[in-house]
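Enquirer:
In the working numbering, the protein residues as written are 329 to 452.
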C-alpha cells in the first residue's frame, strides 16, 4: 500500500464525519422551512401566479424555459425545477421547500467534494 493510499484510508473517517456534519447542519438550519407557506417575495411570480410553471413539465414549457427572459433573467434550470416540483407536489408549499432543503444539502456536500478534489487537503 502506498503512502497516498494510507493517507486516504486514514482520512476516510474524518471525511465521513464532515459529510454527516454538512447534512445534519444544513438540515437543522433549513428544516424549519417545511412548515412555511409560499412567501410574498417572489413565489407568486415563479410559482403561484405563473400558469406556465403550474402546467408542469411539458414539451412547450421546456422550450419556454430555455427561451424565456421572464422575470428579467434567463434561468431555465430554475423554471424546470419549479415545474418538476409542481409535477411532484402540486401547489403544496411543504414539498417545494423540501426540494430546496435537499438542494442546499447536496450543494454543501458537492462544494466539500470539489474543494477536497481541487486542493487535495481536508481543511484547506
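Each residue gets a CB set at the ideal place from its N, CA and C atoms; glycine is no exception.
1) Could you tell me the alpha carbon to alpha carbon distance between residue 361 and residue 369, rounded to whole angstroms?
2) Reducing DSSP to helix, strand and coil, say where residue 451 ends up.
3) With a cut-off of 8 Å on the beta carbons, I'd call residue 415 and residue 379 a contact; round off their distance for me.
4) Going by beta carbon distance, what residues of the same chain come within less than 7 Å of residue 392, once the five residues before and after it are set aside?
5) Report back the beta-carbon spacing between residue 278 and residue 366 to the nearest angstrom; my notes put them in contact at under 8 Å.
6) Just to confirm, is the Cβ distance from residue 355 to residue 433 under 9 Å?
7) Within the segment 358–386, note down every full alpha helix (DSSP H) run reaching 4 residues or more, in order along the chain.
8) So residue 427 and residue 413 are supposed to be a Cβ contact under 8 Å. How far apart are they, rounded?
9) On a Cα-Cα basis, can you pick out the residue from 344, 450, 352 and 341 that is closest to residue 309?
10) Taking the continuous alpha helix (DSSP H) assigned at residue 410, which residues delimit it?
11) Alpha carbon to alpha carbon, what distance is there between residue 450 and residue 389?
Expert: Taking the structure as given:
1) Position 33 of the chain shown, counted from the first residue, corresponds to residue 361. Position 41 of the chain shown, counted from the first residue, corresponds to residue 369. So the alpha carbons of these two residues sit roughly 15 Å apart.
2) Here residue 451 refers to the residue found at position 123 when the chain shown is read from its first residue. The answer is coil: DSSP assigns residue 451 none of H, G, I, E or B.
3) Residue 415 sits at position 87 when you count from the first residue of the chain shown. Residue 379 sits at position 51 when you count from the first residue of the chain shown. The pair is not a contact, with the Cβ atoms about 15 Å apart (cut-off 8 Å).
4) Taking the chain shown and counting its residues from 1, the one referred to as residue 392 is at position 64. Taken in chain order, the residues that qualify are 380.
5) This structure cannot speak to residue 278, because the chain is shown only from 329 to 452.
6) The count along the chain shown starts at 1 and reaches residue 355 at position 27. The count along the chain shown starts at 1 and reaches residue 433 at position 105. Yes. Within cutoff.
7) Counting only runs of 4 or more, we get 379–382.
8) Looking up residue 427 in the chain shown gives position 99. Looking up residue 413 in the chain shown gives position 85. Contact holds; Cβ gap of about 5 Å.
9) Lying before the first or after the last residue shown, residue 309 is absent from the chain, which here runs from 329 to 452.
10) Walking along the chain shown from the start, residue 410 turns up at place 82. First-last of the alpha helix (DSSP H) with residue 410: 404–417.
11) Counting from one through the chain shown, the residue named residue 389 turns up at place 61. Counting from one through the chain shown, the residue named residue 450 turns up at place 122. When rounded, the separation of the alpha-carbon atoms in residue 389 and residue 450 is 43 Å.
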